[in-house]
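When the letters of the sequence shown are read in order and numbered with the numbering used here, they come out as residues 2 to 106.
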Amino acid sequence: IGSSHSVATLIRKNLHDKIGYYDLRFKMCADQYFIKKAYYYDKKKIIYVNFISGIFNNSGYSSTNIYQYINEHFLIQLKTEKFKFLQIIFYFLRIIKHWKKIKNF
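Laid out in structure tokens, this is it:
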């Protein structure tokens, strides 16, 4: 599962009571970590609906602070994914892909 945003994601309050709230160590990707934790660790059901319930904006905080986003995303992937070495490769590929943005950060 690759979750990077919680736009239009509805979460029941009792799920927070059960597995906790957002991890504030992740300033930018706390929602991503929560969603992955809920899915992997508690096997919660994800229901997809066939209508637009939210709009993702490409000029948001994570798009303008790509270096912080890549680093937090990488740390979450290390915590939640099975193949750590693969996550390291993906991390460096993301750094290379966004090098111009990061260099100007």
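Note that beta-carbon positions come from the ideal geometry of N, C-alpha and C, so glycine has one too.
In this chain, the alpha helix (DSSP H) harbouring Glu-73 covers 67–81.
Taking Ile-47 as reference, the option from Phe-57, Ile-53, Arg-26 and Leu-11 with the minimal CA-CA separation is Leu-11. In this chain, the alpha helix (DSSP H) harbouring Phe-91 covers 85–98. Annotated three-state conformation of Ala-9 is coil, per DSSP. Here Cys-30 is near His-74, since their CB atoms are less than 7 Å apart. Taking the Cα of Lys-104 as reference, the smallest distance to any Cα among Ile-77, Thr-65, Tyr-40 and Lys-44 is reached at Thr-65. Note that the C-beta distance between Gln-78 and Gln-88 is below 7 Å. Taking Arg-26 as reference, the option from Ile-97, Asp-18, Leu-76 and Tyr-92 with the minimal CA-CA separation is Leu-76. Beyond the five residues adjoining it in sequence on each side, Tyr-62 comes within less than 7 Å, by CB distance, of Met-29 in the same chain, given in chain order.
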